[in-house]
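Engineer: For the first sequence, position 27 (counting from the first letter as 1) is numbered 26 according to numbering that gives the first Met the number 0, and the numbering increases by one without interruption.
Here it is: the structure, laid out below.
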Amino acid sequence: MYRHLEHRLAEGILQTLHRRHPGVTLPTAVIEQPPKVELGDFAIPTFPFAKPLRSSPLKIAEEIRAEAGPIEGVAEMQVAPPGYVNVKLDRTWMAAALATDQKPPTEIPPGKILVEHTSINPNKAAHIGHLRNAILGDTFVRLLRYAGREVDVQNYIDNTGVQVADVVVGFTHIEKKSGAEIEALTRQPRFDYYCWDLYARVSHWYEQDKQNLQARLQTLHAIEDPNSETAAIADLISTAVLRRHLETMDRLDIEYDFLPRESEILHLQFWDAAFAKLKERGVLFYETEGKNKGCWVMRRAGTSKNSVGKDRVGTGDSPVQPGDNVSEEDQKVIVRSNGTAGYVGKDIAYHMWKFGLLGRDFAYRKFYRYPNQHDCWISTTPPDDRNPEKDHPHFGDVSEIYNVIDARQSEAQNTVIEALRGLGHNEAADHYTHFSYEMVALTPRCAAELGYTLSDEDRARSYIEVSGRKGFGVKADDLIDRLIDSAKKEVDSRHPQLTDEERLKIATQIAIGALRYFMLKYTKQSVIAFDFKDALSFEGETGPYAQYAVVRATSIFKKAGIDPDEFSRDVARNISPANFAKFLTGEAANEIWELWLTASKTRYVVDQCIATAEPAHLAKRAFQMAQLFNAFYHRHPILSEPDEKRKQFLLATVAVVRRELIRTLAVMGITVPPVM
RNA sequence: GGGCGCGUAGCUCAAACGGAUAGAGCAUCGGAUUUCUAAUCCGACGGUUGCAGGUUCGAGUCCUGCCGCGCCUACCA
């Protein structure tokens, strides 16, 4: 509702100015929020209009105030020096709209959006860094869906790369296990933990004797032949670990629609199709000398087109031609001299498929069914898989994509975008968003707590990077377990009358709320220095704080014997919102009005999060709303309120805030327990 | 060397598009409940937004230079 009024206001202002000053080109009106509610609900700085209108900001503000006709929902405008128009909403009108949950119609842009997130190498357990990725990605999916967009969620599985090969080496060369023995192990609970340790041992084994790296090369090569015993073992392991990852993420209510695998990108010759087009358009060129001799290379994204070429200095943006002078260090090898495509090459092919530009498709089968009966599909290769399903959803061929991938890969991501551009797919490139975020590292204290010995240098750092290769990090399931244990202790002591099952369910909701909030409260570009003390906190700016506010709101209704949703419907039907007027006017009402105003901004903040690709705004908002509510709760006893009309008004306030807070938390993937 | 990012209170972080007195949480100290459960609330303390210039009516935000830190810069993925 707030967002709707903002648009209406911006238009009204511009119309007024255009009417008064025909023919003058004006910048779009900036609508801001005044620093304090007393000042108003919207603020329009008039400074930007001063120059084009050759007038003073104050005069323009006065002009807007006097000349703008009535705007529905707006009660009054005030001029504030040095140059603002402060706009006050018609509080009663607004409250009526909110209490009855009116949603102005919105235009939903056409086209499907594909969000790729998680994409963990299926060779070891997920760790806290992967949690950040999945929680950011899943929340972004929920944001888009809240805004009415159609979204496919994909989790890319690199099941044929070095990392999987390394664990295969661990099983076959270090542990010397047979296929049958490995299969038995995959049935163990938390097989991914087993791989976590083994992966670290393999890295150590390589370091001990460089000769051991031969095993990696052989294994990597063998995996590419789908009929080999090694490929079968790799598939066994990666599939089992993948299943574990899905289970881990399922604990956090994170679901996927489709799991494209690298094995299919290889077997279905996606790369060949892409390679042909890339050569044809001159995006790739064959290097005939230097260290990249014999490779097909591409200009690295972000390197200047005319910084190196001897005869091309200053010639502008002519396209790269085969044999063009791109210095060695500006070259990105896409196809190795042995003819195999590297990671970026396969990624280009995959992204052409995402946009429906490749002319090929995966085969599909069902892989994982969630408790809510939602199916997650996986890619498959027809000759090997005799029963790919004919009746599958249509994946790919989308109009916009978001790739949740950490900041370290931004260059690779930009190279894929440049390749699309080079192929002439500017439209696709423009709708390709690298949803970049920083890593989760450990505080030195946390690292020490985990039993790692630190150098003096490490101790002085503010954070230390985790390393899957070294087995250094906090595993996702371990963290979730600890959070649940910790929450369970609190619930046990607070609600001994509940059954253990009930208490565990509540503890789980609290744990997930704490974890998801923790991962969302930092902006993406901030490195999270992880510490158990912060992550296990349930007080202050945390998920449980916001959950608790909702529980309080619910308990008021419970005590009164009223169903909050039913109450809201009754407000819509029976109670004239005009009754609210006297409780919403005047200085004393500002504090409660602020609560209503905040509650009106859900959609506004959702749009802001999407526009900036930053879910942290939403977490901030949930906390602010909970904070305002807790203060309100403390200040205004509701059930004991003697004035019946005022009591109804206060209850309506609680109902609206509760509803919007539940919605906001739901977009973050956080549910609210019945009691806390 | 080049590319990207960061530097804000003791600590961890906010402040979309340049806007009114730079805000939270934690920590520290002091207070609040016979009430709809205190996982709560109120208050105090805490700032030359790394440094120096510039643009602007206005800069934490934009530009230039410098200092410090991180990541990327593999025929790995």
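For each residue, glycine too, the CB sits at the ideal point set by N, CA and C.
1) Out of curiosity, what's the CA-to-CA distance linking residue 524 and residue 608?
2) Any contact of the segment 269-277 with the segment 366-381, i.e. 3+ C-beta pairs under 8 Å?
3) Under 8 Å: do the segment 76-84 and the segment 112-130 share three or more Cβ pairs, one atom per stretch?
4) Where does residue 89 land, buried or exposed, given buried means 16+ other C-beta within 10 angstroms?
5) Find the nearest neighbour of residue 39 within the set 24, 285 and 85, judged by alpha-carbon distance.
6) Along the alpha helix (DSSP H) that carries residue 549, what are the first and last residues, could you check?
7) Measuring straight from C-alpha to C-alpha, what distance separates residue 143 and residue 399?
8) Quick check on residue 6: does DSSP put it in helix, strand or coil?
9) Please state whether the Cβ-Cβ distance between residue 462 and residue 447 is less than 8 Å.
10) Would you call residue 600 buried or exposed, if buried means 16 or more other Cβ atoms sit within 10 Å of its Cβ?
11) In angstroms with no decimal places, state the Cα-to-Cα distance between residue 338 and residue 350.
12) Going straight from the alpha carbon of residue 590 to that of residue 511, what length do you get?
13) Taking Cβ to Cβ, would you say residue 72 is nearer than 8 Å to residue 92?
14) Whether or not the segment 164-174 and the segment 192-200 are in contact is what I'm after, with contact meaning three or more pairs of Cβ atoms, one per stretch, closer than 8 Å; do they touch?
15) Identify whether residue 284 lies in helix, strand or coil by the three-state DSSP scheme.
16) Kindly indicate which residue of 102, 326 and 37 has the alpha-carbon position closest to the one of residue 75.
17) Alpha carbon to alpha carbon, how far is residue 306 from residue 164?
18) Measuring alpha carbon to alpha carbon, tell me which residue in 657, 443 and 472 is nearest residue 718.
19) Do residue 628 and residue 548 come within 8 Å of each other at the CB atom, strictly closer than that value?
20) Return the chain-ordered ranges of every alpha helix (DSSP H) run that is complete within the segment 605-675 and spans a minimum of 4 residues.
21) Compute the Euclidean distance between the alpha carbons of residue 215 and residue 136, then round it to the nearest angstrom.
22) In chain order, what residues of the same chain have a beta carbon less than 8 Å from the beta carbon of residue 280, not counting five sequence neighbours either side?
23) Taking residue 711 and residue 509 to be in contact with their CB atoms under 8 Å, please state how far apart those CB atoms are, rounded to whole angstroms.
24) Tell me the start and end of each unbroken alpha helix (DSSP H) in the segment 394-480 that is at least 4 residues and wholly inside, in chain order.
25) Output needed for residue 644: all residues of its chain with C-beta closer than 6 Å, excluding positions within five of it in sequence on either side, in chain order.
26) Let me know if residue 129 comes out buried or exposed under the rule of 16 or more other beta-carbons within 10 Å of its beta-carbon.
27) I need the DSSP call for residue 518, collapsed to helix, strand or coil.
28) Can you tell which of 362, 625 and 453 has the C-alpha that lies nearest to the C-alpha of residue 543?
29) Is it right to say residue 570 is buried, meaning 16 or more other beta carbons lie within 10 angstroms of its own, or is it exposed?
30) I'd like to know whether the C-beta atoms of residue 189 and residue 499 end up nearer to each other than 8 Å.
31) Quick check on residue 211: does DSSP put it in helix, strand or coil?
32) Can you tell me which of the three DSSP states residue 305 falls into?
33) With DSSP as the reference, label residue 145 as helix, strand or coil.
34) Can you tell me whether residue 226 is buried or exposed? The criterion is at least 16 other CB atoms within 10 Å of its CB, across all chains shown.
35) Could you tell me whether the segment 406-421 touches the segment 338-348, using the rule of 3 or more Cβ pairs below 8 Å?
36) Please report how far the alpha carbon of residue 565 lies from the alpha carbon of residue 513, in whole angstroms.
Structural biologist: Answer, in terms of the structure:
1) Sequence index remark: in the first sequence, residue 524 carries index 525 (1-based). Sequence index remark: in the first sequence, residue 608 carries index 609 (1-based). C-alpha separation (whole angstroms): 14 Å.
2) no
3) no
4) Start at 1 with the first residue of the first sequence, and residue 89 comes out as number 90. Its Cβ being crowded by 16 or more others within 10 Å, residue 89 is buried.
5) Within the first sequence, residue 39 is the residue found at index 40, counting from 1. The shortest Cα separation from residue 39 among 24, 285 and 85 belongs to 85.
6) In the first sequence, residue 549 corresponds to position 550, counting from 1. Segment 542-559, the alpha helix (DSSP H) holding residue 549.
7) On the first sequence, residue 143 is found 144 positions in, with the first residue counted as 1. On the first sequence, residue 399 is found 400 positions in, with the first residue counted as 1. About 12 Å.
8) Within the first sequence, numbered from 1, the residue matching residue 6 stands at position 7. If DSSP states are grouped into helix, strand and coil, residue 6 belongs with the helices.
9) Locating residue 462 in the first sequence gives position 463, where the first residue counts as 1. Locating residue 447 in the first sequence gives position 448, where the first residue counts as 1. No. Outside cutoff.
10) By one-based count along the first sequence, residue 600 stands at place 601. Answer is buried; the Cβ neighbour count reaches 16.
11) Counting from one through the first sequence, the residue named residue 338 turns up at place 339. Counting from one through the first sequence, the residue named residue 350 turns up at place 351. If I take the Cα positions, the gap works out to 21 Å.
12) For this step, residue 590 is matched to residue 591 along the first sequence. For this step, residue 511 is matched to residue 512 along the first sequence. Approximately 31 Å, taken between the alpha carbons.
13) As a first step, residue 72 is located in the first sequence; it is residue number 73 there, counting from the start. As a first step, residue 92 is located in the first sequence; it is residue number 93 there, counting from the start. Cβ atoms of residue 72 and residue 92: closer than 8 Å.
14) yes
15) Here the question's residue 284 lines up with position 285 in the first sequence. Residue state, collapsed to three classes: strand.
16) The count along the first sequence starts at 1 and reaches residue 75 at position 76. Residue 37 is the option with its Cα nearest to residue 75.
17) The residue given as residue 306 occupies position 307 in the first sequence. The residue given as residue 164 occupies position 165 in the first sequence. The predicted position of residue 306 is uncertain, since its pLDDT is 39 and thus under 50; no value can be drawn from it.
18) A query on residue 718 cannot be resolved here, the shown segment of the chain reaching from 0 to 675 and no further.
19) Here residue 548 corresponds to residue number 549 of the first sequence, with the count starting at 1. Here residue 628 corresponds to residue number 629 of the first sequence, with the count starting at 1. Against a cut-off of 8 Å, the Cβ pair of residue 628 and residue 548 comes out as a contact.
20) 615-634 and 643-666
21) Along the first sequence, read from residue 1 onward, the residue named residue 215 stands at position 216. Along the first sequence, read from residue 1 onward, the residue named residue 136 stands at position 137. Looking at the two C-alpha atoms, the distance is approximately 32 Å.
22) As a working note, residue 280 is residue 281 in the first sequence. For residue 280, where only same-chain residues beyond five positions count, the Cβ hits under 8 Å are 421, 422 and 423.
23) Only positions 0 to 675 of the chain appear in the structure, and residue 711 is not among them; the question remains open.
24) 409-421, 425-429, 443-448 and 455-459
25) Position 645 of the first sequence holds residue 644. Excluding residues within five positions, the ones whose Cβ falls inside 6 Å are 578.
26) The sequence position of residue 129 within the first sequence is 130, counting from 1. Buried, by the Cβ-count rule.
27) In the first sequence, residue 518 corresponds to position 519, counting from 1. Helix at residue 518.
28) Start at 1 with the first residue of the first sequence, and residue 543 comes out as number 544. Checked all of 362, 625 and 453; the closest Cα to residue 543 is 625.
29) Residue numbering aside, residue 570 sits at position 571 when the first sequence is read from its first letter. Burial call: buried.
30) Counting from 1 along the first sequence, the entry for residue 189 is found at position 190. Counting from 1 along the first sequence, the entry for residue 499 is found at position 500. Against a cut-off of 8 Å, the Cβ pair of residue 499 and residue 189 comes out as no contact.
31) As a working mapping, residue 211 is identified with position 212 in the first sequence. Note: residue 211 maps to helix in three-state DSSP.
32) Taking the first residue of the first sequence as position 1, residue 305 is located at position 306. At residue 305 the pLDDT is 45, less than 50, meaning the model places this residue with poor confidence; the figure from the coordinates comes in the next sentence. The answer is coil: DSSP assigns residue 305 none of H, G, I, E or B.
33) Start at 1 with the first residue of the first sequence, and residue 145 comes out as number 146. Of the three classes helix, strand and coil, the one that applies to residue 145 here is helix, per DSSP.
34) In the first sequence, counting from the first residue as 1, residue 226 sits at position 227. The residue in question, residue 226, is exposed, as its Cβ has fewer than 16 Cβ neighbours within 10 Å.
35) yes
36) Position 566 of the first sequence, counted from the first residue, corresponds to residue 565. Position 514 of the first sequence, counted from the first residue, corresponds to residue 513. Cα to Cα, residue 565 sits roughly 30 Å from residue 513.
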